[in-house]
Amino acid sequence: MNIQATEGYVTEDGRKIGGTVLDLKNITLRFGGLTAINDISFDIRKGEIRAIIGPNGAGKSSMLNVISGFYKPQEGEVWFNGKKRSAVKPYEVARQGVARTFQNIALFEGMSVLDNVMTGRLNLMKASMWQQALWIGKAEKEEIENRQKVEHIIDFLEIQAIRKTPVGRLPYGLKKRVELARALAAEPDLLLLDEPMAGMNVEEKEDMSRFILDVNDEFGTTIALIEHDMGVVMDLSDRVVVMDYGRKIGDGVPDEVRNNPEVIDAYLGVSHD
Amino acid sequence: MSADFLYGIEVIINGLMAGVLYALVALGFVLIFKASGIFNFAQGVMALFSALTLVGIMEGQVPFAHLINAIFGTSIHHFGWTVPAVLAIILTIGVMVIFAWMVQKFLFRHLVGQPHIILFMATIGLAYFLEGVGDLMWGSSIKRLELGLPQGGSLAIENLTSGLGGDDFYGFFIDKLDIVATIVAILLVILLVAFSQFTKYGRAMRAVADDHQAALSVGISLNFIWVLVWSLAGFVALVAGVMWGAKSGVQFSLSLIALKALPVLMLGGFTSIPGAIVGGLIIGVGEKLFEYLVGPMVGGATENWFAYVLALVFLIFRPQGLLGERIIERV
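Those protein sequences? They're chains H and Y, same order as listed. So that you can map any letter, position 202 of the first sequence is 202 in our numbering, and since no number is skipped, the others follow by simple counting. So that you can map any letter, position 149 of the second sequence is 149 in our numbering, and since no number is skipped, the others follow by simple counting.
Below is the structure:
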């Protein structure tokens with residue numbers, strides 16, 4: 001299978017993957033003297049589930065923060081939807097169609113689940129401030145339409161029962177799901193999940209894996225996720241990037257990566273000599 | 001009913017109305033504190049500045065007249081026109097929005113991520129700066145604010161209630177301006193709550209108040225929301241400035257009402273809009289009632305300190321206020 005072809009490919013389970021959504025070219029990110037990401041290039045295709053894995057401190061989260069605009073790389077280019085991205089603020093990246101979740105969950109704790117998910121649609125609502133303030137023009141119609149979309153997502157992720165609950169009162173696993181719902185509500189071209197299964201028990205992990213696959217299947221969402229649980233990643237993803245000490249040491253379908261000697265070294269801790 | 005009891009009720013009603021005005025000032029603080037964690041010491045001066053601007057525009061004063069005259073040797077003070085109240089209010093709102101934008105652009109944008117005490121100090125600086133600008137722009141004399149609001153005691157209420165308490169009771173004395181102020185304040189609060197609960201920008205405001213990083217990730221521009229919040233606070237300041245200004249003239253001591261908002265906030269909690277309202281009402285009623293019941297025994301003038309002592313008691317027993325978020329630190 002030739003994955004380097006620009007016109008996409010067909011996965012083992014028969015899903016058709018499209019062209020490039022995100023293309024990272026020679027990204028280097030430094031914090032002072034520390035090089036967190038060292039000359040990394042890879043791409044993400046439309047409709048695929050792409051995983052970034054690696055041991056702790058490999059630079060995975062930094063990579064995600066570069067994609068979502070929270071960090072600005074010193075070198076390299078980010079191409080999104082066929083256009084080179086100039087230096088932009090995180091909220092502008094979000095408006096261009098990149099939604100994300102956070103490793104340590106960043107939800108609006110004081111707001112209800114419904115309100116949290118509704119914030120995901122802020123940029124899809126076009127009524128002006130005056131229309132909103134005076135509740136005239138398309139403000140009401142728009143609110144109802146968006147509310148319907150949000151209810152659909154809430155149903156889909158099976159969180160109807162807690163719609164009105166303030167997020168601060170929810171257990172960890174459900175919070176993770178609400179965060180996924182909020183990101184999904186933005187109908188992103190690219191969904192970034194930062195360790196969606198960190199801190200979960202086996203059952204919750206299975207649930208989350210199922211939701212990720214379902215989301216990809218139902219909405220055709222392109223997903224990039226970070227995870228350090230190898231087993232989960234291999235089952236879930238179409239292609240995997242492996243990072244270690246800020247470098248890319250592997251890239252390909254799960255089987256390829258699993259048999260890559262450098263990857264095995266990194267994970268089993270063999271010295272680099 | 002005994003006359004004393006009825007006077008007590010009158011005191012409570014007047015206290016509630018004074019409380020509404022306190023709440024109005026406190027509301028401006030809460031808006032900014034919630035969204036940005038900044039305790040805005042300049043809120044009182046903003047009320048003063050907006051009232052000065054309103055009067056200045058209505059009377060057709062030339063802004064910075066003294067400065068212009070001193071530099072160019074001219075002698076201009078007035079444009080020679082007067083502006084109708086409604087138009088002047090709209091223009092003043094415009095000025096407050098520009099002020100909000102400038103505060104964000106030239107001050108707080110450069111202080112993002114600084115400790116709270118630094119931000120607080122910045123607002124103290126801002127307060128003095130704005131007071132100076134107000135002085136320079138509109139002069140320092142006391143001005144009357146003629147918005148055509150009804151003034152003086154309401155005869156209708158007095159006549160209606162005069163029969164209640166026998167010969168010693170002459171009916172409730174309630175200032176018409178207080179009634180107007182109360183209605184305006186209630187409308188304003190309803191509008192603010194509706195805006196923050198049911199509109200997209202309100203939702204974005206609450207989102208920013210809750211978590212900056214998460215707000216960025218759903219595409220909210222923090223800068224824009226902060227300008228919006230400062231504009232809203234400016235609008236609230238204008239309403240407070242107009243009501244206090246209509247009552248006692250627009251003068252520089254108006255900025256001191258900010259100090260009265262402090263005990264209100266300590267009672268109600270710095271992060272709660274309902275808290276600001278409840279706190280304002282409690283302080284208003286509390287100080288009037290205390291003056292009425294205890295004042296004569298201690299020689300009066302208790303209104304000057306009662307609110308602060310009450311706030312102190314609250315600080316000791318319930319530091320987060322009545323409705324504020326509980327302060328829990330994980331160890």
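Ideal Cβ positions, reconstructed from N, Cα and C, are used throughout, including at glycine. Remember, predicted model here, so these are calculated numbers, not experimental data.
Contact with chain Y by residue i, beta-carbon distance below 9 Å
{"i": "Q4(H)", "result": "Reliability of the predicted coordinates at Q4(H) is poor, the pLDDT of 48 falling under 50, and no value is obtained from them."}
{"i": "M1(H)", "result": "A caution first: M1(H) carries a pLDDT of 42, below 50, which makes its placement in the model too unreliable to give a value."}
{"i": "F80(H)", "result": "no"}
{"i": "Q103(H)", "result": "no"}
{"i": "T221(H)", "result": "no"}
{"i": "G110(H)", "result": "yes"}
{"i": "Y245(H)", "result": "no"}
{"i": "R182(H)", "result": "yes"}
{"i": "Q148(H)", "result": "no"}
{"i": "E145(H)", "result": "no"}
{"i": "K89(H)", "result": "yes"}
{"i": "Q160(H)", "result": "no"}
{"i": "R169(H)", "result": "no"}
{"i": "E92(H)", "result": "yes"}
{"i": "A106(H)", "result": "yes"}
{"i": "R85(H)", "result": "no"}
Beta carbon proximity, residue i to chain H, threshold 9 Å
{"i": "L91(Y)", "result": "no"}
{"i": "A261(Y)", "result": "no"}
{"i": "I71(Y)", "result": "no"}
{"i": "Q104(Y)", "result": "no"}
{"i": "T199(Y)", "result": "yes"}
{"i": "I32(Y)", "result": "no"}
{"i": "F195(Y)", "result": "yes"}
{"i": "V86(Y)", "result": "no"}
{"i": "A35(Y)", "result": "no"}
{"i": "A276(Y)", "result": "no"}
{"i": "R203(Y)", "result": "yes"}
{"i": "R206(Y)", "result": "yes"}
{"i": "A209(Y)", "result": "yes"}
{"i": "G321(Y)", "result": "no"}
Contact belief for residue i with residue j at Cβ below 8 Å, rounded distance in angstroms
{"i": "L27(Y)", "j": "A276(Y)", "result": "5 Å"}
{"i": "A94(H)", "j": "V313(Y)", "result": "About 46 Å separates the two Cβ atoms, so there is no contact after all."}
{"i": "S112(H)", "j": "R163(H)", "result": "7 Å"}
{"i": "I49(H)", "j": "I223(H)", "result": "5 Å"}
{"i": "V55(Y)", "j": "K143(Y)", "result": "5 Å"}
{"i": "F41(Y)", "j": "I118(Y)", "result": "Not confirmed; about 13 Å, so no contact."}
{"i": "G268(Y)", "j": "L323(Y)", "result": "6 Å"}
{"i": "V263(H)", "j": "P254(H)", "result": "Going by Cβ atoms, the distance from V263(H) to P254(H) rounds to 11 Å, so no, they are not a contact pair."}
{"i": "A3(Y)", "j": "F169(Y)", "result": "4 Å"}
{"i": "R121(H)", "j": "V150(H)", "result": "6 Å"}
Beta-carbon spacing of residue i, residue j below 9 Å
{"i": "L91(Y)", "j": "I57(Y)", "result": "yes"}
{"i": "L48(Y)", "j": "V180(Y)", "result": "no"}
{"i": "A127(H)", "j": "A183(H)", "result": "no"}
{"i": "F80(H)", "j": "D39(H)", "result": "no"}
{"i": "G54(H)", "j": "V232(H)", "result": "no"}
{"i": "A185(Y)", "j": "Q43(Y)", "result": "no"}
{"i": "K205(H)", "j": "F42(H)", "result": "no"}
{"i": "V264(Y)", "j": "G280(Y)", "result": "yes"}
{"i": "K288(Y)", "j": "G60(Y)", "result": "no"}
{"i": "F102(H)", "j": "A214(Y)", "result": "yes"}
{"i": "I37(H)", "j": "G250(H)", "result": "no"}
{"i": "D210(Y)", "j": "F31(H)", "result": "no"}
{"i": "E158(Y)", "j": "F252(Y)", "result": "no"}
{"i": "E227(H)", "j": "L236(H)", "result": "yes"}
{"i": "V257(H)", "j": "M234(H)", "result": "yes"}
{"i": "I76(Y)", "j": "V62(Y)", "result": "yes"}
{"i": "L147(Y)", "j": "A258(Y)", "result": "no"}
Start and end residues, alpha helix (DSSP H) containing residue i
{"i": "I124(Y)", "result": "116 to 138"}
{"i": "R203(Y)", "result": "200 to 210"}
{"i": "E12(H)", "result": "Element bounds for E12(H): n/a, residue is neither H nor E."}
Endpoints, the beta strand (DSSP E) within which residue i is located
{"i": "N38(H)", "result": "34 to 45"}
{"i": "M243(H)", "result": "239 to 244"}
{"i": "D251(H)", "result": "247 to 252"}
{"i": "E75(H)", "result": "75 to 80"}
beta-carbon residue i near the ligand NAD non-hydrogen atom, thresh 8 Å
{"i": "E303(Y)", "result": "The model depicted lacks the ligand NAD and carries no ligand whatsoever."}
query = Got a sec: which bits of the segment 52 to 77 of chain H sit with their beta carbon under 9 Å from any beta carbon on chain Y, in order along the chain?
reply = S68, G69, F70
query = Any residues in the segment 114 to 130 of chain H with a beta carbon nearer than 9 Å to a beta carbon of chain Y? Which ones, in chain order?
reply = D115, N116, M118, T119, G120, R121, L122, N123, M125, A127, M129
task = Name, going along the chain, the residues of the segment 205 to 217 of chain H whose beta-carbon falls closer than 9 Å to a beta-carbon of chain Y.
result = none
ask   = What residues in the segment 213 to 238 of chain Y have a beta carbon less than 7 Å from any beta carbon of chain H?
value = Q213, A214, L216, S217, V218, G219, I220, S221
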